[in-house]
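Q: Provided herewith is a single structure, encoded as structure tokens, for subsequent inquiry.
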Amino acid sequence: MPQRNIVEAVNNALVEEMEADPRVMVLGLDVGKLGGVFRTTSGLVDRFGADRVVDTPLAEASIVGASLGLAIAGMVPVAEIQFLGFTAQGFHQIGPQLAKYRQRSRGRYHCQVTIRAPFGGGIKSPEFHSDAVEAQFVQTPGIKIVMPSNPYDAKGLLIEAIRDPDPVLFCEPDRLYRAMRMEVPDGAYTVPFGKAVLAREGEHVTLVAWSAAVELCMRAAEQLASEGVSAAVLDLRTLVPLDIETLCAQAAKTGRCVIVHEAPLSAGFGAEISATLMEEVFYDLDAPVARVGAFDVPFPAASLEAYYLPSVERVVAAVRRTME
Amino acid sequence: MSFHNTTDNPSRYEDPKEHEEARTRDPIERVQRYLTALGLWDEKKAAAMTDEVREENERALQMAYAADAPRPDDVFANVYATLPPRVARQKADFLDGGA
Numbered sequence: 002m003p004q005r006n007i008v009e010a011v012n013n014a015l016v017e018e019m020e021a022d023p024r025v026m027v028l029g030l031d032v033g034k035l036g037g038v039f040r041t042t043s044g045l046v047d048r049f050g051a052d053r054v055v056d057t058p059l060a061e062a063s064i065v066g067a068s069l070g071l072a073i074a075g076m077v078p079v080a081e082i083q084f085l086g087f088t089a090q091g092f093h094q095i096g097p098q099l100a101k102y103r104q105r106s107r108g109r110y111h112c113q114v115t116i117r118a119p120f121g122g123g124i125k126s127p128e129f130h131s132d133a134v135e136a137q138f139v140q141t142p143g144i145k146i147v148m149p150s151n152p153y154d155a156k157g158l159l160i161e162a163i164r165d166p167d168p169v170l171f172c173e174p175d176r177l178y179r180a181m182r183m184e185v186p187d188g189a190y191t192v193p194f195g196k197a198v199l200a201r202e203g204e205h206v207t208l209v210a211w212s213a214a215v216e217l218c219m220r221a222a223e224q225l226a227s228e229g230v231s232a233a234v235l236d237l238r239t240l241v242p243l244d245i246e247t248l249c250a251q252a253a254k255t256g257r258c259v260i261v262h263e264a265p266l267s268a269g270f271g272a273e274i275s276a277t278l279m280e281e282v283f284y285d286l287d288a289p290v291a292r293v294g295a296f297d298v299p300f301p302a303a304s305l306e307a308y309y310l311p312s313v314e315r316v317v318a319a320v321r322r323t324m325e
Numbered sequence: 230m231s232f233h234n235t236t237d238n239p240s241r242y243e244d245p246k247e248h249e250e251a252r253t254r255d256p257i258e259r260v261q262r263y264l265t266a267l268g269l270w271d272e273k274k275a276a277a278m279t280d281e282v283r284e285e286n287e288r289a290l291q292m293a294y295a296a297d298a299p300r301p302d303d304v305f306a307n308v309y310a311t312l313p314p315r316v317a318r319q320k321a322d323f324l325d326g327g328a
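Going down the list, the protein sequences come from chains A and B.
Under my numbering, the residue at position 122 of the first sequence is numbered 123, and the numbers go up by one with no gaps.
Under my numbering, the residue at position 45 of the second sequence is numbered 274, and the numbers go up by one with no gaps.
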């Protein structure tokens, strides 16, 4: 079975869906001739032509707005915003427009649009590029939020996103784009939304994460194992829809829970998870739910990002606190 | 040209001279003058279109008045093709009279 990294898995998903459905198209800055800033759309323009792989101006609002119009006209656009932090320039088109269009038209129209956006720190990119703003979009109901952590899920979740009748924000962890390879089969398959998966079994504590933070938690769990602490790692995969059932069952099982994300701590999605666990499984918990996020400061210069982002040390320290 | 809404009061911030000057550039009137100069428009056509638009608005208003009032749980309608479980639960709780 072919081994693929996340870049290749995303590319393969786009090829599969564009082959299968002539309505599927790609648009964004440099997605054509260059093949995308991370080369995820490499080769698509040669294969499918410039009518279906469209190089756009540097204009995030227009990229999303055009996608909305294309969807209403019957196309299935996959838009690329080069970095999630740049969605600020397109926010009105994503939240107030795209996410609400089904409701605003009383169901007459829906927007089968996927917005792909690389994000996250750890690659020493300049300011605005690394911002983990996924939680902002949880506050704009109508759009689903997908956060793959590995190549297999990236392909299956992207195909699921493209086929979903509603808009999807598909966030790709740029730090992991080429960091791992795994078996990613040829041919279309889907990974369903709202199904969290246990990335590692464990007895004493559950680490809850998504996207690149899953990889971080796997390393932390490895270190904890050497200290005699058995940590499970739960990969949420999607924030909207949220797999409350698996989340609560797993937290109740271990009785201890640490949520890890790259976004600033305050009002990050970890706060939502923590509140959910309070509401649902408070009496099954042996310790307060802990959170590890980035600090509540702007994403710093590249030379400082290692201190800003959650680290194995900070995750392990949080676990030790919950074990006391 | 009219106010922004019924709570607006342009007399508090707008110079009447500016308003009069802006009236001379009213785009609807300008287009009508332009089309009249081309021989494509006259008062008869303007009156007919005004009547037609007024009737269309009136029909729309009557249709809206005659429509059933929305059901409270319509706030959940047409947000997603399929409600995510969390939102479905909010809807069920709401219908149940709970929080």
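Glycine included, every Cβ here is placed at the ideal spot set by N, Cα and C.
1) Rounded to whole angstroms, what is the Cα-Cα separation between G75 (chain A) and T57 (chain A)?
2) Cβ closer than 8 Å: which chain B residues qualify as neighbours of Q104 (chain A)?
3) Between which two residues does the alpha helix (DSSP H) harbouring P256 (chain B) extend?
4) Who are the Cβ neighbours of V316 (chain A) in its own chain at under 6 Å, not counting the five residues just before and after it?
5) So, at 6 Å on beta carbons, what are the nonlocal neighbours of M327 (chain A) in its own chain, with the 5 sequence-adjacent residues on each side left out?
6) Mind listing the chain B neighbours of I245 (chain A)? Cutoff is C-beta to C-beta under 7 Å, in chain order.
7) Whose Cβ in chain B lies nearer than 9 Å to the Cβ of R107 (chain A)?
8) Is it true that the CB of L278 (chain A) sits closer than 8 Å to the CB of A319 (chain A)?
9) Indicate whether at least one CB of chain B lies closer than 8 Å to the CB of P166 (chain A).
10) Along the stretch 240-269 of chain A, where does the CB come closer than 7 Å to a CB of chain B? Name the residues.
11) Given L93 (chain A), which residues of its chain have a CB within under 8 Å of its CB, disregarding the five upstream and five downstream residues?
12) Given a cut-off of 8 Å on the beta-carbon distance, is the pair S212 (chain A) and S150 (chain A) in contact?
13) Counting pairs of Cβ atoms below 8 Å between the stretch 112-129 of chain A and the stretch 281-293 of chain B, do you hit three or more?
14) Is the separation between the beta-carbon of T141 (chain A) and that of T207 (chain A) shorter than 8 Å?
15) With a cut-off of 8 Å, does the C-beta of G96 (chain A) fall near any C-beta of chain B?
16) What are the residues of the stretch 128-145 of chain A that lie near chain B, defined by any Cβ-Cβ distance shorter than 8 Å?
17) Should the stretch 148-168 of chain A be regarded as contacting the stretch 186-195 of chain A, the criterion being three or more beta carbon pairs within less than 8 Å?
18) Any idea which residues DSSP pairs L35 (chain A) with across the strands?
19) Contact defined as beta carbons within less than 8 Å: I believe A118 (chain A) pairs with E161 (chain A). What is the distance between those atoms, to the nearest angstrom?
20) Would you decide whether K145 (chain A) is buried or exposed? Buried here means 16 or more other CB atoms lie within 10 Å of its CB.
21) So G195 (chain A) contacts chain B; which residues on that side make the cut at Cβ distance below 8 Å?
22) Could you tell me the alpha carbon to alpha carbon distance between V241 (chain A) and G268 (chain B), rounded to whole angstroms?
23) Mind checking P299 (chain B): buried by the 16 CB within 10 Å criterion, or exposed?
24) Need the endpoints of the beta strand (DSSP E) that P245 (chain B) sits in, please.
25) Are the CB atoms of R257 (chain A) and V198 (chain A) within a distance shorter than 8 Å?
26) So with CB distances below 7 Å, who are the chain B contacts of H111 (chain A)?
27) Got a sec? Which residues, its chain only, sit under 8 Å from A1 (chain A) by beta carbon, not counting five neighbours each side?
28) Look at the alpha carbon of D287 (chain A) and the alpha carbon of V259 (chain A), and state the distance between them as a whole number of angstroms.
29) Rounded to the nearest angstrom, what separates N12 (chain A) and V27 (chain A) at their Cα positions?
30) Quick check on Q291 (chain B): does DSSP put it in helix, strand or coil?
31) Determine the burial state of G36 (chain A): buried for a count of at least 16 other Cβ atoms within 10 Å of its Cβ, exposed for fewer.
32) Name the residue from A:L305, A:P97, A:V65 whose alpha carbon lies nearest to the alpha carbon of T115 (chain A).
33) Only counting runs of 3 or more residues, tell me where the beta strand (DSSP E) segments fall wholly within the stretch 236-274 of chain A, in order along the chain.
A: So, from the data block:
1) 20 Å
2) A306, N307, V308
3) 256-266
4) A221, V261, V293
5) With chain A covering 2 to 325 only, the question about residue 327 (chain A) has no answer from this structure.
6) P314, R315
7) A306, N307
8) no
9) yes
10) V241, P242, L243, I245
11) A small correction: the amino acid at residue 93 (chain A) is His; Leu does not occupy that position in the sequence shown. A62.
12) yes
13) no
14) no
15) False, the Cβ-Cβ gap to chain B never drops below 8 Å.
16) P142, G143, K145
17) yes
18) Its beta-bridge partners do not exist; DSSP assigns none.
19) The Cβ separation is near 17 Å, so there is no contact.
20) buried
21) P313, P314
22) If I take the Cα positions, the gap works out to 58 Å.
23) exposed
24) Where P245 (chain B) is concerned, there is no enclosing beta strand (DSSP E), although the alpha helix (DSSP H) it sits in stretches over 245-252.
25) no
26) Going along chain B in sequence order, the residues near H111 (chain A) (Cβ under 7 Å) are A310.
27) With chain A running from 2 to 325 in the structure shown, residue 1 (chain A) is simply not present.
28) 12 Å
29) 11 Å
30) helix
31) buried
32) A:V65
33) 239-241, 258-265
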